[in-house]
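**Student:** As numbered in UniProt numbering, residues 1 to 117 make up the sequence shown, in order. Once you've had a glance at the structure underneath, I'll fire off some questions.
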Amino acid sequence: MTREEMLAYCLAKPGAWLDRPWEGDEVVKVGSRIFAFLGAPEGEGRVGVKCGPSREVADEWLHRFPDDARSSPYIGRSGWNTLRLGGGIPDDELIEAVDGSYDAVVAKLPKRERPTV
Numbered sequence: 001m002t003r004e005e006m007l008a009y010c011l012a013k014p015g016a017w018l019d020r021p022w023e024g025d026e027v028v029k030v031g032s033r034i035f036a037f038l039g040a041p042e043g044e045g046r047v048g049v050k051c052g053p054s055r056e057v058a059d060e061w062l063h064r065f066p067d068d069a070r071s072s073p074y075i076g077r078s079g080w081n082t083l084r085l086g087g088g089i090p091d092d093e094l095i096e097a098v099d100g101s102y103d104a105v106v107a108k109l110p111k112r113e114r115p116t117v
């Protein structure tokens with residue numbers, strides 16, 4: 001899966017929108033919260049997503065894909081991982097990870113910010 005394909009998939013989620021909160025980095029939000037970190041467009045293809053409610057749950061990705069998954073800087077303790085695109089993680093599992101991150105973020109949004117499907 002390419003970065004462009006991942007970005008398109010993320011933006012197709014209900015209520016999703018592209019933001020550039022830091023110079024050169026792109027994130028996809030739903031409501032006011034980030035559910036996918038994509039980094040710089042010219043950088044390595046990767047996506048940062050919430051992979052579980054805790055670090056222990058998210059660590060499963062690191063054990064299964066040691067060359068392609070790592071704990072996200074600063075927010076990794078909260079269950080966020082950075083997953084490499086185009087590596088050893090199958091595309092369907094990358095999609096599943098994004099779906100899980102989106103669902104976890106939407107569940108914590110105030111009702112007024114939740115997308116209507």
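Note that the Cβ used here is the ideal one computed from N, Cα and C, for glycine as well.
Can you tell me where the beta strand (DSSP E) with residue 75 in it begins and where it stops?
**Tutor:** Careful: residue 75 lies outside any beta strand (DSSP E) and carries neither H nor E.
**Student:** DSSP puts residue 19 in a beta bridge; with which residues?
**Tutor:** Looking at the DSSP assignment, residue 19 forms a beta bridge with 27.
**Student:** Would you mind stating whether residue 47 and residue 98 have Cβ atoms separated by less than 8 Å?
**Tutor:** Yes, these two residues count as a Cβ contact at 8 Å.
**Student:** Considering only DSSP beta bridges, list what residue 69 is partnered with.
**Tutor:** 83, per the DSSP bridge assignment.
**Student:** Taking 8 Å as the cut-off, does the segment 104 to 112 touch the segment 61 to 73 (at least 3 CB pairs, one atom from each stretch)?
**Tutor:** No: fewer than three Cβ pairs fall under 8 Å.
**Student:** From what residue to what residue does the beta strand (DSSP E) around residue 38 run?
**Tutor:** Residues 33 to 39.
**Student:** Going by DSSP, which residues form a beta bridge with residue 46?
**Tutor:** 84.
**Student:** Please work out which residues of its chain come closer than 7 Å, Cβ to Cβ, to residue 53, disregarding the five sequence neighbours upstream and downstream, and give them in chain order.
**Tutor:** Hits under 7 Å: 79.
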